[in-house]
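Student: Structure in structure tokens, see below.
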Amino acid sequence: MQLVCPAGNLPSLKAAIDEGADVVYLGFKDDTNARNFAGLNFNDRTLDQGLDYVRSKGREVYVALNTYPRPQGWQRWQAAVDRAADMAADALIAADIGVLDYAASRYPDLPLHLSVQGSATNYEALKFYQERFGIRRAVLPRVLSMPQVKHVAEHAPVEIEVFGFGSLCVMVEGRCLLSSYAAGQSPNTHGCCSPAGEVRYQETATGMETRLGGVLVDKVGRGETAGYPTVCKGRYDALDKTYYALEEPTSLNTLDLLPELLAAGVSAIKIEGRQRSPAYVRQVARVWRQAIDSCLRDPQHFRPRDEWMQQLGAVSEGQQTTLGAYHRTWQ
Amino acid sequence: MKLSLGPVQYYWPREDLQDFYREVADLPVDIVYLGETVCSKRRLFRYDDWLETAHMLREAGKEVVLSTMALLEAESELKTMRRICANGEFMVEANDMAAVQLLSAAELSFTTGPTVNTYNAATLKVLADAGLKRWVLPVELGRDSLSGILQDAPQGVQTEVFAWGRIPLAMSARCYTARAYDLPKDDCQYRCLDHADGLTLRTREGEPFLAINGIQTQSALTCNLISKTEEMRQLGVDVLRISPQARHTGRIVQAFSRALAGEGDASGLEALMPVGGCDGYWREQAGMNYSQEP
Numbered sequence: 092m093q094l095v096c097p098a099g100n101l102p103s104l105k106a107a108i109d110e111g112a113d114v115v116y117l118g119f120k121d122d123t124n125a126r127n128f129a130g131l132n133f134n135d136r137t138l139d140q141g142l143d144y145v146r147s148k149g150r151e152v153y154v155a156l157n158t159y160p161r162p163q164g165w166q167r168w169q170a171a172v173d174r175a176a177d178m179a180a181d182a183l184i185a186a187d188i189g190v191l192d193y194a195a196s197r198y199p200d201l202p203l204h205l206s207v208q209g210s211a212t213n214y215e216a217l218k219f220y221q222e223r224f225g226i227r228r229a230v231l232p233r234v235l236s237m238p239q240v241k242h243v244a245e246h247a248p249v250e251i252e253v254f255g256f257g258s259l260c261v262m263v264e265g266r267c268l269l270s271s272y273a274a275g276q277s278p279n280t281h282g283c284c285s286p287a288g289e290v291r292y293q294e295t296a297t298g299m300e301t302r303l304g305g306v307l308v309d310k311v312g313r314g315e316t317a318g319y320p321t322v323c324k325g326r327y328d329a330l331d332k333t334y335y336a337l338e339e340p341t342s343l344n345t346l347d348l349l350p351e352l353l354a355a356g357v358s359a360i361k362i363e364g365r366q367r368s369p370a371y372v373r374q375v376a377r378v379w380r381q382a383i384d385s386c387l388r389d390p391q392h393f394r395p396r397d398e399w400m401q402q403l404g405a406v407s408e409g410q411q412t413t414l415g416a417y418h419r420t421w422q
Numbered sequence: 019m020k021l022s023l024g025p026v027q028y029y030w031p032r033e034d035l036q037d038f039y040r041e042v043a044d045l046p047v048d049i050v051y052l053g054e055t056v057c058s059k060r061r062l063f064r065y066d067d068w069l070e071t072a073h074m075l076r077e078a079g080k081e082v083v084l085s086t087m088a089l090l091e092a093e094s095e096l097k098t099m100r101r102i103c104a105n106g107e108f109m110v111e112a113n114d115m116a117a118v119q120l121l122s123a124a125e126l127s128f129t130t131g132p133t134v135n136t137y138n139a140a141t142l143k144v145l146a147d148a149g150l151k152r153w154v155l156p157v158e159l160g161r162d163s164l165s166g167i168l169q170d171a172p173q174g175v176q177t178e179v180f181a182w183g184r185i186p187l188a189m190s191a192r193c194y195t196a197r198a199y200d201l202p203k204d205d206c207q208y209r210c211l212d213h214a215d216g217l218t219l220r221t222r223e224g225e226p227f228l229a230i231n232g233i234q235t236q237s238a239l240t241c242n243l244i245s246k247t248e249e250m251r252q253l254g255v256d257v258l259r260i261s262p263q264a265r266h267t268g269r270i271v272q273a274f275s276r277a278l279a280g281e282g283d284a285s286g287l288e289a290l291m292p293v294g295g296c297d298g299y300w301r302e303q304a305g306m307n308y309s310q311e312p
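In structure tokens form, the structure reads like this:
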């Protein structure tokens, strides 16, 4: 079982590799990947340095090209595929059917993975991508319960990768337009959820308001921490109450499920967070490396150590974690 | 251009649904999409009921398409989808790649709904090769993207645009309607029956923002492209989709029908919306923006 860690920049890449990541995934500095934020991602120089570092340690690099090109940008995505093939990426992680088609026909030797943004939640969908484009692996959206993950893995024609830790998307990835509805840009079109230019923090007499595209997403009292305003983690009014109608600010943590994921034949655990700091990547990679090694040695008796849970809790959104959809009661 | 009626996105009582489609039989829509696309627990209308409705509408002169679920997780959901794909007489709308895969493998022509992500002509070509006959523009794309896609579009594929209705924005494993009532999903008590147009979420400033409909999240505002029909015709759009709502669907269809005939006044439809209108996506802006404030 591989540990796949996020590399938003060169320091994060090194931190992940130093702490034992088998693979780092990264994107180029534009809207061809779903973490298109200022200051993140790789240019030619940092990419070369990063590749040298990863290969000197015998590990792998995956390139995320997981957004949906509109006609205006098509050539940029083609160029990004060319670049990934050129650098001999160990895999290209893509979502768009047109991009997969281009990559598969132009570079038959470039290994393809279906991104979580491809929204494939069942094995019939995976067959489509396997038969048409020869994908080798798929990353599952964070909406399946543990038995459902197991069922997909049993019947899938490809390897399965799942999210183990990080910010929790509560919607099927690749089909969530909440950000563009409020702010004109979505992960699909622009590679970002809640574009920074549309985010406002406003201090008021009673506390802090957070807005996206002018929409009041949340309001916290003095002394409370105001999170980054994503639509799915805002507080709204319905049925005469104000509440987190979709989800609380919380992170996914599946450490408890590691033996089950291993038994289900899951090939890789993905850590979310290319937008997070190198310190986050270091901490999370270290804990998960230890956990996976411990689980591989003796899956029967695997129990997440308290210190691991504390360390992961400390870097979690809202300082709390959940099993998310893996656990039926969350749904 | 033709008019279509999309699948009913909400959970309506059986009698209401029957009454609704009896009315549809006499409305000036050319194409009707039938079936449950949101939640597999909604079973007041079963496969045979949908098929019976399909026959009734076909006899009334409609082109009928059977729609499939957008989020397929359980094997039972795949099973229902396989049965619909194998119906043998009606075209099927795939709302997930699973249905595309099955229909393509069976060498059946199909249509795709708005959740099959088709953002460029290269994607459209792959789907056309698999048997696609008509597609729906992703709801977050607008005229510039559509114009670019159609420049390189394959022959023989029709284009449909979501032109009226609360916009399907996202879906989840979690049931937000059950959550609103503090109920577990497995014991949801079918509370979505009480919200025939979804449950409106307002911001803490009282602005209508989203609408929850079981596992689906919609816009609170109703997409209204009635004033863009001529622009769409010039771009090469073949079909305009009206998404059914609890009340006034007939009047909305009549208004669109008149607009397509170049008759009547396209204004004043705001009064028929649950809370208000929007058209930002069509103009390549934030979806909630609206250019024609009443």
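So the sequence lines, in the order shown, correspond to chains V and P. Residues 92 to 422 in the working numbering are what the first sequence lists, from first letter to last. Residues 19 to 312 in the working numbering are what the second sequence lists, from first letter to last. Where a beta carbon is used, it is the ideal one built from N, C-alpha and C, also for glycine.
1. Going by other Cβ atoms of all chains shown within 10 Å of its Cβ, with 16 needed for buried, is residue 213 of chain P buried or exposed?
2. Kindly indicate if chain V contains any beta-carbon less than 9 Å away from that of residue 119 of chain P.
3. Within 9 Å (strictly less), CB to CB, does residue 213 of chain V reach chain P?
4. Taking C-beta to C-beta, are residue 404 of chain V and residue 413 of chain V nearer than 9 Å?
5. Near residue 257 of chain V, which residues of its chain fall below 7 Å by C-beta distance, leaving aside the five closest residues on each side in sequence?
6. Does DSSP put residue 254 of chain V in a helix, a strand or coil?
7. For residue 133 of chain V, which of V/103, V/109, V/160 has the nearest alpha-carbon?
8. Check whether the Cβ atoms of residue 23 of chain P and residue 262 of chain P sit closer than 9 Å, and answer yes or no.
9. For chain P, check one thing: does any of its Cβ atoms lie closer than 9 Å to the Cβ of residue 408 of chain V?
10. Of all the options V/356, V/416, V/300, V/120, which has the alpha carbon lying nearest to the alpha carbon of residue 242 of chain V?
11. Between which two residues does the beta strand (DSSP E) holding residue 129 of chain P run?
12. What does the Cβ neighbour count give for residue 340 of chain V, buried or exposed, with the cut at 16 atoms within 10 Å?
13. Helix, strand or coil: how does DSSP classify residue 321 of chain V here?
14. Per DSSP, which one or two residues make a beta bridge with residue 231 of chain P?
15. Considering Cα atoms alone, identify which of P/195, P/148, P/299 is closest to residue 172 of chain P.
16. As a quick exercise: from V/99, V/421, V/189, pick the residue whose alpha carbon is nearest that of residue 161 of chain V.
17. By the criterion of Cβ-Cβ separation under 9 Å, what are the contact partners of residue 230 of chain P in chain V?
18. Just verifying my parser: in three-state terms, what is the DSSP assignment at residue 281 of chain P?
19. Excluding sequence positions up to five away, which residues of its chain have a Cβ less than 7 Å from the Cβ of residue 221 of chain P?
20. Of all the CB atoms in chain P, is at least one closer than 9 Å to the CB of residue 386 of chain V?
21. Output the boundary residues of the beta strand (DSSP E) element that contains residue 94 of chain V.
22. Closer than 7 Å by C-beta to residue 309 of chain P: which residues in its own chain qualify, once you throw out the five before and the five after it? Chain order, please.
23. Quick one: Cα of residue 270 of chain V to Cα of residue 278 of chain V, how far?
24. Name the chain V residues that come within less than 8 Å of residue 208 of chain P, Cβ to Cβ?
25. Nearest-angstrom Cα distance between residue 153 of chain V and residue 251 of chain V?
26. How should residue 373 of chain V be labelled, buried or exposed, when 16 other C-beta atoms within 10 angstroms of its C-beta is the threshold for buried?
27. According to DSSP, is residue 23 of chain P part of a helix, a strand, or is it coil?
28. Nearest chain V C-beta to residue 299 of chain P closer than 9 Å, yes or no?
29. Is it a yes or a no for the segment 228–244 of chain V touching the segment 184–201 of chain P, going by three-plus beta-carbon pairs under 8 Å?
30. Confirm, please, whether the CB-CB distance from residue 207 of chain V to residue 240 of chain V is below 9 Å.
31. Touch check for the segment 385–400 of chain V and the segment 103–123 of chain V: three-plus C-beta pairs under 8 Å?
32. Could you pull the DSSP bridge partners for residue 183 of chain V from this structure?
33. When the Cα atoms are used, what is the spatial distance from residue 251 of chain P to residue 217 of chain V?
34. Could you spell out where the beta strand (DSSP E) holding residue 344 of chain V opens and where it closes?
35. Relative to the alpha-carbon of residue 257 of chain P, which residue among P/268, P/118, P/217, P/244 has its alpha-carbon at the smallest distance?
36. Using CA coordinates, which residue listed in V/125, V/135, V/141, V/131 is at the minimum distance from residue 114 of chain V?
Tutor: Let's see:
1. With 16 or more Cβ atoms within 10 Å of its Cβ, residue 213 of chain P is classed as buried.
2. It does; some Cβ of chain V falls within 9 Å.
3. Under the 9 Å criterion on CB atoms, residue 213 of chain V is classed as interfacial with respect to chain P.
4. It is not a contact, given that the beta carbons lie outside the stated cut-off.
5. Excluding its 5 nearest sequence neighbours in each direction, residue 257 of chain V has C-beta neighbours in its own chain below 7 Å: 342, 343, 362, 363, 364, listed in chain order.
6. Look at residue 254 of chain V here: in three-state DSSP terms it is strand.
7. By alpha-carbon distance to residue 133 of chain V, the top candidate from V/103, V/109, V/160 is V/103.
8. It is a contact, given that the beta carbons lie within the stated cut-off.
9. Residue 408 of chain V has a beta carbon lying at 9 Å or more from every beta carbon in chain P.
10. Of V/356, V/416, V/300, V/120, the residue nearest in Cα terms is V/356.
11. Looking at the DSSP string, the run of the beta strand (DSSP E) that includes residue 129 of chain P is 128–130.
12. Looking at its Cβ environment, which holds 16 or more other Cβ atoms inside 10 Å, residue 340 of chain V is buried.
13. If DSSP states are grouped into helix, strand and coil, residue 321 of chain V belongs with coil.
14. DSSP lists P/234 as the bridge partner or partners of residue 231 of chain P.
15. Selected option, being the one with the closest Cα: P/148.
16. Looking only at V/99, V/421, V/189, the smallest Cα-Cα distance to residue 161 of chain V is reached by V/189.
17. Chain V residues near residue 230 of chain P: 329, 336, 337.
18. Correct three-state label for residue 281 of chain P: coil.
19. The beta carbon of residue 221 of chain P lies closer than 7 Å to those of 227 in the same chain, with the five residues before and after it left out.
20. Chain P contact via Cβ: absent.
21. Per DSSP, residue 94 of chain V is one residue of the beta strand (DSSP E) stretching across 93–97.
22. Closer than 7 Å at Cβ, skipping near neighbours: 297, 301.
23. Using only the alpha carbons, I get a separation of about 8 Å.
24. Within chain V, no residue comes near residue 208 of chain P; the closest Cβ sits about 16 Å away, beyond 8 Å.
25. About 15 Å.
26. Label assigned to residue 373 of chain V: buried.
27. The answer is strand: DSSP assigns residue 23 of chain P an E or B state.
28. Under the Cβ distance rule, residue 299 of chain P counts among the residues neighbouring chain V, one pair being separated by less than 9 Å.
29. Under the Cβ criterion (8 Å, minimum of three pairs), the segment 228–244 of chain V counts as touching the segment 184–201 of chain P.
30. Going by C-beta atoms, residue 240 of chain V is not nearer than 9 Å to residue 207 of chain V.
31. The count of Cβ pairs closer than 8 Å, one atom from the segment 385–400 of chain V and one from the segment 103–123 of chain V, stays below three, leaving the stretches out of contact.
32. BP columns for residue 183 of chain V point to V/154, V/203.
33. Our two residues, residue 251 of chain P and residue 217 of chain V, have alpha carbons roughly 36 Å apart in a direct line.
34. Following the DSSP letters along the chain, one finds residue 344 of chain V inside the beta strand (DSSP E) bounded by residues 342–344.
35. Considering only alpha carbons, the answer is P/244.
36. For the options V/125, V/135, V/141, V/131, the alpha carbon positioned closest to that of residue 114 of chain V is the one of V/141.
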